[in-house]
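Enquirer: Please see the structure below; I have some questions.
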Amino acid sequence: MLRTAPLVRGRTPGLTWMLVAGAVLVQIAYPLTPEALRTQVTVLSVVVFAAASLCDATRLHGARGGLLLLAVAGGGGLVAEAVGLRTGIPFGAYAYTGTLGPELLDVPVVVPLAWTMMAWPALVVGRTLARSRVGVVAVGAVALAAWDVFLDPQMVDAGHWRWLDPGPGLPLIPGIPLTNYAGWLLVSALVVAALHAVLPAHERPSAPATALYLWVYGSSVLAHLAFFGLPGSALVGGVLMGAVAVPFARAALPRFAGARR
Numbered sequence: 008m009l010r011t012a013p014l015v016r017g018r019t020p021g022l023t024w025m026l027v028a029g030a031v032l033v034q035i036a037y038p039l040t041p042e043a044l045r046t047q048v049t050v051l052s053v054v055v056f057a058a059a060s061l062c063d064a065t066r067l068h069g070a071r072g073g074l075l076l077l078a079v080a081g082g083g084g085l086v087a088e089a090v091g092l093r094t095g096i097p098f099g100a101y102a103y104t105g106t107l108g109p110e111l112l113d114v115p116v117v118v119p120l121a122w123t124m125m126a127w128p129a130l131v132v133g134r135t136l137a138r139s140r141v142g143v144v145a146v147g148a149v150a151l152a153a154w155d156v157f158l159d160p161q162m163v164d165a166g167h168w169r170w171l172d173p174g175p176g177l178p179l180i181p182g183i184p185l186t187n188y189a190g191w192l193l194v195s196a197l198v199v200a201a202l203h204a205v206l207p208a209h210e211r212p213s214a215p216a217t218a219l220y221l222w223v224y225g226s227s228v229l230a231h232l233a234f235f236g237l238p239g240s241a242l243v244g245g246v247l248m249g250a251v252a253v254p255f256a257r258a259a260l261p262r263f264a265g266a267r268r
């Protein structure tokens with residue numbers, strides 16, 4: 008049974024929605040930005056998006072909730088990446104190219120923030136589409152890991168990291184091994200399970216988290232197809248992430264009719 012918690016009173020979603028809008032605007036600007044500045048825009052988009060997720064978690068769960076999200080998703084992502092770089096487990100052998108700014112344990116600081124920014128919406132997806140603990144973790148893990156079908160091709164194409172043994176991979180997405188997606192599923196399941204254990208659920212899904220997840224899905228399909236020249240990931244990611252995003256939209260959006268969260 009899910010633990011439920013009331014909305015933290017006295018906190019309005021205004022700041023959260025401002026950050027959501029900022030994340031959307033920065034991501035819209037990315038494909039329109041000169042190539043020489045795209046790395047800076049990449050980092051900015053992750054920072055603003057992560058701030059939106061942290062602000063939303065704080066709105067619903069107080070400062071403790073925001074800190075737990077950062078510790079579990081950001082800290083867990085950092086540990087997984089640091090171990091992965093040194094051992095090849097669980098993602099496979101890969102290396103960052105030094106383009107993403109300051110590093111901690113040889114991992115760009117922006118990478119744990121990327122785990123943080125999407126772990127919160129993925130938890131909301133899992134809780135919306137499932138009720139049992141196992142179901143929430145399974146759906147949330149797929150919701151988070153499916154995003155990487157867009158993320159990895161884009162970042163590899165941009166030169167931010169490279170795979171040392173890139174095959175075999177998914178159909179239409181060369182250069183990224185299947186072990187990467189298996190590793191993402193494993194780490195995502197651990198992160199979502201921990202978040203589900205420490206953050207009480209709410210009766211309705213968070214509207215900002217819903218907007219963030221559905222925006223990432225729709226904009227990723229469009230950007231990979233129309234701007235990045237990556238039709239393979241547009242198709243495969245559209246199908247795999249869509250398998251979660253479409254049912255989530257159908258389940259979540261009607262709940263906001265006549266109610267604000």
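Its first residue numbered 8, the sequence shown is counted upward by one per residue in the working numbering.
Built from N, CA and C at the ideal position, the CB exists for glycine as well.
Small disclaimer: the values here were computed from a predicted structure and weren't measured.
Quick one: measure Cβ to Cβ for residue 119 and residue 81, integer angstroms, because I've assumed they're closer than 8 Å.
Expert: Numbered from its first residue, the sequence shown carries residue 119 at position 112. Numbered from its first residue, the sequence shown carries residue 81 at position 74. About 4 Å; that satisfies the 8 Å criterion.
Enquirer: On the DSSP bridge list, what partners appear for residue 168?
Expert: The residue labelled residue 168 in the question sits at position 161 within the sequence shown. In DSSP, residue 168 forms a bridge with 103.
Enquirer: Quick check on the DSSP output: the alpha helix (DSSP H) that includes residue 54 runs from which residue to which?
Expert: In the sequence shown, residue 54 corresponds to position 47, counting from 1. Note, residue 54: alpha helix (DSSP H), 45-76.
Enquirer: Entirely within the stretch 78-144 and at least 3 residues each: give me those beta strand (DSSP E) ranges in chain order.
Expert: 101-103
Enquirer: If you check the beta carbons only, do residue 218 and residue 147 fall under 9 Å apart?
Expert: Reading the sequence shown from its first residue, position 211 is the one you call residue 218. Reading the sequence shown from its first residue, position 140 is the one you call residue 147. No. Outside cutoff.
Enquirer: Where does residue 88 land, buried or exposed, given buried means 16+ other C-beta within 10 angstroms?
Expert: Taking the sequence shown and counting its residues from 1, the one referred to as residue 88 is at position 81. By the neighbour-count rule (16 or more Cβ atoms within 10 Å), residue 88 is buried.
Enquirer: Hey, residue 221 and residue 200: beta-carbon distance below 9 Å or not?
Expert: For this step, residue 221 is matched to residue 214 along the sequence shown. For this step, residue 200 is matched to residue 193 along the sequence shown. Annotated as distal: residue 221 and residue 200, with beta-carbon spacing of 9 Å or more.
Enquirer: Could you say which of 211, 228, 95 and 75 lies nearest to residue 172 if we only look at CA atoms?
Expert: Taking the sequence shown and counting its residues from 1, one reaches residue 172 at position 165. The residue with the shortest Cα to Cα distance from residue 172 is 95.
Enquirer: May I have the straight-line CA-CA distance separating residue 101 from residue 53, to the nearest angstrom?
Expert: Residue mapping note: residue 101 aligns to position 94 of the sequence shown, counting from 1. Residue mapping note: residue 53 aligns to position 46 of the sequence shown, counting from 1. If you take the alpha carbons of residue 101 and residue 53, they lie about 21 Å apart.
Enquirer: Please tell me whether residue 56 and residue 28 are closer than 9 Å, where the distance is taken between their beta carbons.
Expert: Within the sequence shown, numbered from 1, the residue matching residue 56 stands at position 49. Within the sequence shown, numbered from 1, the residue matching residue 28 stands at position 21. Cβ distance not < 9 Å, so residue 56 and residue 28 don't count as in contact.
Enquirer: Hey, how far is the Cα of residue 83 from the Cα of residue 198?
Expert: Taking the sequence shown and counting its residues from 1, the one referred to as residue 83 is at position 76. Taking the sequence shown and counting its residues from 1, the one referred to as residue 198 is at position 191. Distance between the alpha carbons of residue 83 and residue 198: 7 Å.
Enquirer: Taking only three categories from DSSP, how would you classify residue 184?
Expert: Here residue 184 is taken as the residue at index 177 of the sequence shown, counted from 1. DSSP places residue 184 in strand when its eight states are reduced to three.
Enquirer: So, helix, strand or coil for residue 244, using DSSP?
Expert: Residue numbering aside, residue 244 sits at position 237 when the sequence shown is read from its first letter. Residue 244 falls in the helix class under three-state DSSP.
Enquirer: Which one or two residues does DSSP pair with residue 176 in a beta bridge?
Expert: Here residue 176 corresponds to residue number 169 of the sequence shown, with the count starting at 1. DSSP lists 184 as partners of residue 176.
Enquirer: Which stretch, first to last residue, makes up the alpha helix (DSSP H) that contains residue 23?
Expert: One-based indexing of the sequence shown puts residue 23 at position 16. Here the alpha helix (DSSP H) through residue 23 covers 21-36.
Enquirer: Once you ignore the five residues that flank residue 174 on each side, which residues in its own chain have a CB closer than 7 Å to its CB?
Expert: Reading the sequence shown from its first residue, position 167 is the one you call residue 174. Closer than 7 Å at Cβ, skipping near neighbours: 184.
Enquirer: Give the straight-line distance between the Cα atoms of residue 125 and residue 152, rounded to the nearest whole angstrom.
Expert: As a first step, residue 125 must be located in the sequence shown, where it is residue number 118. As a first step, residue 152 must be located in the sequence shown, where it is residue number 145. Rounded to whole angstroms, residue 125 to residue 152 spans 10 Å at the Cα level.
Enquirer: Using the rule of at least 16 other Cβ atoms within 10 Å of the residue's Cβ for burial, across every protein chain shown, is residue 108 buried or exposed?
Expert: Sequence index remark: in the sequence shown, residue 108 carries index 101 (1-based). Residue 108 should be labelled exposed.
Enquirer: Within the chosen definition, does the stretch 132-142 reach the stretch 253-264 through at least 3 CB pairs nearer than 8 Å?
Expert: yes
Enquirer: Within 10 Å of its beta-carbon, does residue 64 have 16 or more other beta-carbons around it, so buried, or fewer, so exposed?
Expert: Along the sequence shown, read from residue 1 onward, the residue named residue 64 stands at position 57. Flag for residue 64 reads buried.
Enquirer: Alpha carbon to alpha carbon, what distance is there between residue 105 and residue 227?
Expert: As a position in the sequence shown, residue 227 is number 220, starting the count at 1. As a position in the sequence shown, residue 105 is number 98, starting the count at 1. Roughly 24 Å separates the two Cα atoms.
Enquirer: Any idea if residue 141 is buried or exposed, counting beta-carbon neighbours within 10 angstroms, 16 or more meaning buried?
Expert: Walking along the sequence shown from the start, residue 141 turns up at place 134. Residue 141 counts as exposed, since fewer than 16 other beta carbons sit within 10 angstroms of its beta carbon.
Enquirer: Do you know offhand how far residue 128's Cα is from residue 74's?
Expert: For the purposes of this step, residue 128 is taken as residue 121 along the sequence shown, with counting starting at 1. For the purposes of this step, residue 74 is taken as residue 67 along the sequence shown, with counting starting at 1. Their Cα atoms are separated by approximately 16 Å.
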